[in-house]
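Colleague: Sharing a structure here in structure tokens format.
Residue numbers (this note's numbering): 61 to 275.
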């Protein structure tokens, strides 16, 4: 088993673990609530990120690259974070794989747990977004007496946004288009194929005329 401290950007594993690995983890979508100060500073953003891992390595482990955008209640920060990756292989000649990850001085977390947690969060986000879409469709039907005349999610949201829904929702948590289909004179269905992006599997999330199900 091998442990290395690396900067990682996600994606494919960059070669054998004994080679130098310098990649950047950019948290491009890290949303931080504005705190007591009028504007979010780099130091405050770094402290908030460190609290995720209860790290004692600040400022060495976390570098705030820039504050991308900021309003009175939200801010987005891009950061470079040093993580420890634990590698393992089944035999001396086998391929190395990442077994666990650690931020700061916290305990090791298995990669499977991390991925499962990410997918669960994306699933909740997707379900909430699809419910908002379904509510907007129902509002349109109440006002117009029929379902929106659309064949896909782009056409649907062009009709619904912004009059019937304030947020523009077209993709699921995995970046794939949500599927919209009219299944009857007054029935519709919204579908996300979930983490595996394959139709008809247990990962599917379905909202049908007000009901939600994971198949």
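Even glycine gets a Cβ: it sits at the ideal position worked out from N, Cα and C.
Using the C-alpha atoms, what's the distance from residue 253 back to residue 217?
Modeller: Spanning the two alpha carbons is a distance of roughly 19 Å.
Colleague: Below 8 Å on the Cβ atoms is my guess for residue 171 versus residue 143; work out the distance and round it to an integer in Å.
Modeller: The Cβ separation is near 11 Å, so there is no contact.
Colleague: Using DSSP with H/G/I as helix, E/B as strand and the rest coil, what is residue 262?
Modeller: Residue 262: coil per DSSP, three-state reduction.
Colleague: Quick test of your reading: residue 240 and residue 263, contact by CB under 8 Å. State the CB separation rounded to the nearest angstrom.
Modeller: The Cβ separation is near 18 Å, so there is no contact.
Colleague: Hey, is the segment 190 to 200 in contact with the segment 217 to 227, meaning 3+ C-beta pairs nearer than 8 Å?
Modeller: Touching, per the Cβ criterion.
Colleague: Beta strand (DSSP E) containing residue 193: first to last residue?
Modeller: Premise fails: residue 193 lies in the alpha helix (DSSP H), 171 to 204, not in any beta strand (DSSP E).
Colleague: If you reduce the DSSP assignment to three classes, tell me which class residue 139 lands in.
Modeller: Strand at residue 139.
Colleague: Would you tell me roughly how many angstroms separate the C-alpha atoms of residue 208 and residue 159, rounded to the nearest one?
Modeller: Between residue 208 and residue 159, the C-alpha separation is close to 48 Å.
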